[in-house]
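Asker: Numbering (the working numbering), first residue to last: 42 to 984. Glycine included, C-beta positions come from ideal geometry on N, C-alpha and C. Just so you know, these numbers come straight off a predicted model, no measurement behind them.
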Amino acid sequence: MPERVYVALDLETTGLDANQDAIIEIGAVKFTDNQVIARFATLVNPLRPIPARITQITGIRDADVAAAPTLDRVLPELRAFVGSEVSAVIAHNTAFDLGFLRAAGVHFQRAAYDTVELATILLPEATSYNLGELCLRLGIPLVDAHRAPDDAEATGHLFRLLRCQMLALPAPVLRLIADSAEGSTWSLTSFFADGGAQADAGAPLAAAVAPPVPLLPASEFGAADEDQRTVAVSPHLIEEIFAEGGPLQTMLGPTFERRAGQLSMALQVTDAFSHGDHLLVEAGTGTGKSLAYLLPAALWAIANDARVVIATNTINLQEQLLDKDIPQVAALLAGRGLPPLRAALLKGRQHYLCTRRFHEWRTSHRLSPVELTVLAKVLVWLPTTQTGEDSELTFFSDAERAIWRRLCSDGGACSLERCGRSYGAAFELPDADFYLQARRRSEQAHLVVVNHALLLADLASEGRILPPYTHLVVDETHRLEEAATDQLTFRVTWPELRYTLARVSAEGDLLGLLHRVAADRRHHAVLELLPEVAGQARRCEQRLREFADLLAMFARAHEQARSDAGYLQRLALDGSARSQPMWSRVEIEWDDASRSLRVLLERLTAVANQMEQAQWREDERTVQLFYEWRGVIEQLAEVSKRLDEIILAPHGTDRKHVAWLEVGAAERDGAEVGATVAMAPLSVQHMIEEGLVRQRGSAVFTGATLRIGANFSYLRDRLGLWDVKVSTVDSPFDYKRNVLLYLPNDMPLPNDGRYQQAVEQAVLAAASACQGRTLALFTSYQQVRSTADVIRTPLERLGVAVLQHGQSSRSRLLREFRASEQAILLGTRSFWEGVDLPGDEVRCLLIARLPFAVPSDPMVAARSSEFDDAFNEYMVPDAVLRFRQGFGRLIRRAGDRGVVVVLDSRVWRKAYGQTFLDALPECTTRRAPLSNLAGAIEKWFAR
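1) Which first and last residues belong to the alpha helix (DSSP H) in which Y476 is found?
2) Below 8 Å on the Cβ atoms is my guess for D155 versus S228; work out the distance and round it to an integer in Å.
3) Reducing DSSP to helix, strand and coil, say where L723 ends up.
4) For V664, which of V825, R459 and H493 has the nearest alpha-carbon?
5) DSSP state of E963, grouped into three classes?
6) Looking only at its own chain, which residues have a Cβ that is under 7 Å from the Cβ of A559, when we skip the five neighbours before and after it?
7) So what does C395 bridge to, in DSSP terms?
8) Let's test the definition: count the other Cβ atoms within 10 Å of the Cβ of T54 and tell me whether it reaches 16, buried, or not, exposed.
9) Determine the closest residue to E323 out of A238, Q926 and S972, with distance taken between C-alpha atoms.
10) Using three-state DSSP, classify A108 as helix, strand or coil.
11) Would you report the Cα separation of G325 and V770, rounded to the nearest angstrom?
12) Tell me whether the stretch 762-776 and the stretch 719-735 touch, counting them as touching only if at least three CB pairs, one residue from each stretch, are closer than 8 Å.
13) Counting beta carbon pairs with one atom in the stretch 363-374 and one in the stretch 623-641, are three or more of them shorter than 8 Å?
14) What ranges does the alpha helix (DSSP H) occupy inside the stretch 73-153, keeping only unbroken runs of at least 4 residues that lie completely in it?
15) Quick one: give me the first and last residue of the beta strand (DSSP E) that D771 is part of.
16) My parser needs the beta strand (DSSP E) runs of 3 or more residues fully inside the stretch 856-928; what are they?
17) List the endpoints of the continuous beta strand (DSSP E) containing Y796.
18) Compute the beta-carbon to beta-carbon distance between V490 and A384, rounded to the nearest angstrom, for a pair I have assumed lies under 8 Å.
19) For a test of the three-state rule: what should DSSP assign to C449, helix, strand or coil?
20) Quick one: grab the DSSP three-state call for K682.
21) Taking CB distances under 8 Å as the criterion, tell me whether L332 reaches chain C.
22) One question on the structure: do A719 and T526 come within less than 8 Å of each other, judged by their Cβ atoms?
23) What's the C-alpha gap between L839 and A104?
24) Under the rule that 16 or more other beta-carbon atoms within 10 Å means buried, what is E675, buried or exposed?
25) What span of residues does the alpha helix (DSSP H) with E323 cover, start to end?
26) Below 8 Å on the Cβ atoms is my contact criterion, and I expect C885 with I978 to pass it. Report the Cβ-Cβ distance as a whole number of Å.
27) Can you list, in chain order, the residues of its chain whose CB lies under 7 Å from that of P253, leaving out five sequence neighbours each side?
28) Which residue comes first and which comes last in the alpha helix (DSSP H) that contains L642?
29) Distance check for G549 and G224, CA to CA, integer angstroms please.
30) So E174 and R984 are in contact, right, with Cβ under 8 Å, and what is the actual spacing, rounded?
31) Is the distance from the Cβ of I64 to the Cβ of P87 below 8 Å?
32) Please confirm whether V48 and V127 have their CB atoms less than 8 Å apart.
33) Less than 8 Å between the beta carbons of R930 and F819, yes or no?
34) Determine the DSSP secondary structure at H599, reduced to helix, strand or coil.
35) Do S772 and T426 come within 8 Å of each other at the CB atom, strictly closer than that value?
36) Which partner residues does V533 have in the DSSP bridge list?
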């Protein structure tokens, strides 16, 4: 094979819109597998001012491009650089870079390889696919990020490494990708064809193939008899383990701290488990609550040969439990000669791959370009995965996620017998339904770790998801109501619905497969019905598209809609919205669309009945196809039923549910998303009380922020936890000694025109005094952007980097913040909790505004209407819990010291403000002018 020549290129521009913005710099590198042949670099005069934000990112100023050539003079040189010898053009996000060049009239007429797409396929374990992050991880030099020549050089280097990664794939996998893509318009067809050709030529392509996780015999698992008398755990055993000089201290060594609160909580959990009680316990930061509930849970589970479910809300806590805390508990128990502790993580079925469904899918039809991308991702990942979880893969688009739903384990179509057969041996691939394996492990386990969503999905399914359990621990309980609401929210997303309809249209893969199978079996009754299905699916898709367009138009005209919001908006479908003149058009349009959908459902059901009569469900060759068809019917029937409830409700759904439209997602995957329709229950307290308390032998609910002041009334009412004992375990931290709470007494109220300027002044003062190491919490992206734009230049002059939520992922921002000695991080809601920055990583925490929920949010407004005094009984308590979570970001270890600055003067100017202050631990408090802030911070750390 002749040596390939490639060109990697990168652009810097004045913005993101290829039709409105202009190119200001072009960088390109021509290279082969072994050497760089030539480089091309030039600034471009955009004939317009460069926005300040672009100058901050790139460093390119108006003066730099003033004497540069214009684009029409540069493009002929670029075309000549990408000569006939070049086989492919490479960019890190080809849609952006080549999109700008196409808008300028440049079409290279050759393969275009996107290193973002390639990296998601070939590096499934990467945590970020940002060019800078990949370069850092792979050791690729990137001297001047966000400058086109350096980014192009790094992109070329990245491509060479990705090509090596491709050539290191197992030869059967590489050939399978290449053969599947042959003749396709997929952008990476020639890339994998080259690899397949080298594999066929006998090049040394090899990789280890991980054996499938062995299935456990059914006789080795099973739940304990729920009526069986339980064995109590001795409190003396708990005391002995936590004692000075005890097993825990021996294991932890110098890091051991005897915490009275940890022992107290462990004894309370032990007592609840042993006597069948329910407990709501707040454990302050630093208590060590994870060990305080895990140790009693593990001892009880082993003593009774039963299981305990541990439910958390965040992935971070799950990882802490599985990677650190549970192994420590297992080691403690093993040291006492107890049987091995078995623990398992279980996720929802849709998160696990079924290799049988995967192989049936890939062989059932000619794959589209997006399907080939998913195929390549799965085939590269499958030989090495031990879990088969989708969290190990990256799906950027709704289309990719919809395809995954055809590959994942399915309750109707999957079984041990059906999915345990060999489908991938010819390609040296494992065969497994990874969900069935995970489920088996969970049925064997003493401790089963799940998230809140799965716990609540199990309740909604009446216990058909989790293995049977009687004892439960819920951590991060303050998020349980939100998780329950999310789990029970029904949404209609139009791209997903159109994808489903397309599958049963004339060109659809599912209808095509059914036609082939029916023809092979000479099942004429089915064949006669399929043209009617295809025609009705096309008509139904058109009617639903028209309805979705009208709904989007209605949403844009909604009195609360903002065209420039830049974030997802939720617009209530209440009585006021339904009184608008356009709503009658929405109802009429849905009436027409729903009739079309019902006709389609009748056609689909007629086909399913014929399949049922022919016993397709009992035939291994057709059972998968039968359940796929039934799945489409169930999905469309659910859409029809729920949209009837939402659209045709006379006063905005019944009193027990809340309906709304979601708009503002702009575009996704190049297509208008439109207005998503959603509906959720007004209250979840009965579900939680009945399913998590009354049906359990013992349930422990815990978290660091569960009280408002001295009582639990708010949370008990929201979650229906009135028949539960309550307890508080105070934090062992000395907040009065270690925390300065600074309240700038001249701070304007948030509705004052001077407020934002004062916030900027405070952030500048704090970040300067602390030399970075500052976290500022906001309640809106708009305020984050406004503040960042003002403080960035003066702080960068001082060597302090400004990291801004919204410009990168949360995980990446936290990595950059930890890695930087001098940085300030500006974050919104997701940074108010679950962020662990101990020691000197954060010295100052600023809280810009009290974290009140948005009153106009449909769910907030509906729940508020249930109270006589909604502000004080609902809005304030909810905000207090969030406020306490934000405050908890500062002190993470006993030796931490720092300053908390509250910039919302309602805390001391409004009567309800004292509720927020009373919710905090006792700190050293200072009320002084804002101008004294920097000095106060410096003085505090000089103590």
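Answerer: Straight from the coordinates:
1) Under the DSSP assignment, Y476 falls in the alpha helix (DSSP H) whose first and last residues are F475 to Q485.
2) Between D155 and S228, the beta carbon gap of about 7 Å places them in contact (Cβ cut-off 8 Å).
3) In the three-state reduction of the DSSP assignment, L723 falls in the coil class, being assigned neither a helical nor a strand state.
4) The shortest C-alpha separation from V664 is found at R459.
5) Three-state result, E963: coil.
6) Cβ within range, chain order: V567 and L568.
7) C395 is bridged by DSSP to D474.
8) With 16 or more Cβ atoms within 10 Å of its Cβ, T54 is classed as buried.
9) Nearest to E323 by alpha-carbon distance, out of A238, Q926 and S972, is Q926.
10) Assignment of A108 by DSSP, reduced to helix, strand and coil, places it in the coil class.
11) G325 and V770: Cα-Cα distance of roughly 6 Å.
12) A contact exists between the stretch 762-776 and the stretch 719-735.
13) Contact between the stretch 623-641 and the stretch 363-374 is absent, because fewer than three Cβ pairs lie under 8 Å.
14) Along the length of the stretch 73-153, whole alpha helix (DSSP H) runs at least 4 residues long occupy 93-99, 103-106, 112-122 and 135-144, reported in chain order.
15) If you look at D771, you'll find it isn't in any beta strand (DSSP E); DSSP assigns it neither H nor E.
16) As far as the stretch 856-928 is concerned, its whole beta strand (DSSP E) runs of at least 3 residues are 864-868 and 885-888.
17) For Y796, no beta strand (DSSP E) run applies; the uninterrupted alpha helix (DSSP H) run containing it begins and ends at Y796 to A810, by DSSP.
18) With a Cβ gap of about 7 Å, V490 and A384 count as contacting.
19) Looking at C449 - three-state DSSP - the assignment turns out to be strand.
20) Here K682 sits in helix by DSSP.
21) Structure shown: chain C not included; a single protein chain is present.
22) In this structure, T526 does not lie closer than 8 Å to A719 by Cβ.
23) Cα to Cα, the separation comes out at about 24 Å.
24) The residue is exposed, with fewer than 16 neighbouring Cβ atoms inside 10 Å.
25) That residue, E323, is in no alpha helix (DSSP H); its beta strand (DSSP E) goes H319 to A324.
26) With a contact defined as Cβ atoms closer than 8 Å, C885 and I978 qualify at about 6 Å.
27) Confidence in P253 is poor, its pLDDT being 29 and thus under 50, which makes the residue's placement too unreliable to answer from.
28) Taken as a continuous stretch (DSSP letters only), the alpha helix (DSSP H) holding L642 covers P622 to Q654.
29) Roughly 19 Å between the two C-alpha positions.
30) No, E174 and R984 are not in contact; Cβ-Cβ is about 39 Å, not under 8 Å.
31) One thing to note: I64 has its Cβ within 8 Å of the Cβ of P87.
32) Taking 8 Å as the Cβ cut-off, V48 and V127 qualify as a contacting pair.
33) Not a contact, by the Cβ cut-off of 8 Å.
34) H599 falls in the coil class under three-state DSSP.
35) For T426 and S772, no; Cβs fall outside 8 Å.
36) Beta-bridge annotation (DSSP): V533 is paired with V718.
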